[in-house]
Structure formats: C-alpha cells, structure tokens
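When the count follows the numbering used here, it moves up by one through the sequence shown with no breaks and lands on 242 for the last residue. The C-beta atom is built at its ideal place from N, Cα and C for all residues, glycine as well.
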Amino acid sequence: MAFVSITRLRIRSWRFMPPFVVDTLRSLSQTKAAPGLIGGSLLADRKRTFWTLTLWTDQSDMRRYMISGAHRKAMPKLLDWCDEASVVHWTQEAEDIPTWNEAAERMRSEGRVSKVHHPSPQHRDLSFATPRTAGAVAITPRRGRAVSAVGSSDKPA
C-alpha cells in the first residue's frame, strides 16, 4: 500500500511569488530528504497555480513531513498568499505515481478546500481548469528510492 497526497495552491498576487518560491524550494529540499517518500512531482500550472503530487510509504510518514521543518513554517503563510487551496489523499495498492489527470479528477470529486483569507469565487466548489501537465518536475528521494513516472505525457514528470 502507498499513500498519495495531492495539493493545489493558487497564489493570489505576483507580489507573493518571491517568498512563495523561497519557501517552496526549502520545502522541496525537506521533501526529498523525508523518510517514507517514494516519489512525486511538482507542477507549475497557469495563473500562479501550483500542484504537488507525492507518494509515501504510509500516511504517518507524510504527516511527519507535513508538520515539521520548512513545510510547517510555510503553511501559515498560505492563508494570506493563496486565494485557492485544496488537498486530496488516498491509499492505493501500487507504488506507481498517479497521472495528473487522476490527480485533478480526485481533487474535484474527493478533495477538500483549505482555509484561505481571501478566497476566489472558484475556491469553495473546486471549479478549477484542468491542469496543464507540461513542465512538471520530478520529486526524487535523496536516498535513491524512486518510482519511475515514464510513459504518457499525462504522467507527472
């Protein structure tokens, strides 16, 4: 069994992009070193929208990552920086990284919105555009345990 975590954030203004990028790079470094990470992908979508797709050995490993280090420090800032934020999780038998299409479908059907202080009209009902999947960047564990995401262009890098 593997635990899948998908997040989607839209940064509400260009003025928040520099600190968001700094926190993203710090969190990405933490992610790659996190125990239990199998692999994943980071997608910079249109209109300052960012997706993460990570695959973990179990939910407890993901939670330990989420509530520590750079990620924990960045999370409260997103309340002000974002006008859309959502998350979806599920478990699956295979350790294959899901496609971006599956991630978007699951986000729409099973996702939950996260609190933001300045929500867009689309925030509450998750009525976002289908993500543009070109240019996704692979998230590979530093210790070398990664799952290949080779195949269709819908695969997360």
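Setting aside the 5 residues that flank it on each side, A118 is surrounded in the same chain by R227, each with a C-beta closer than 7 Å to its C-beta; the list follows chain order.
Each residue's CA atom was taken as its position, placing L94 and W166 some 9 Å apart. If you draw a straight line from the Cα of I123 to the Cα of A189, it is about 20 Å long.
Partner residues in the beta bridge of E169, as assigned by DSSP, are R95.
Rounded to the nearest whole angstrom, the C-alpha separation of W175 and M192 is 11 Å. Excluding the 5 residues flanking it on each side, Q144 has same chain C-beta neighbours closer than 6 Å at F88, in chain order. In the DSSP assignment, F135 falls within the beta strand (DSSP E) that extends over T134 to W141.
Leaving aside the five residues that flank R197 on each side, the residues in its chain whose CB is nearer than 8 Å to its CB run, in chain order, S171, V172 and V173. Per DSSP, the beta-bridge partners of G124 are L140.
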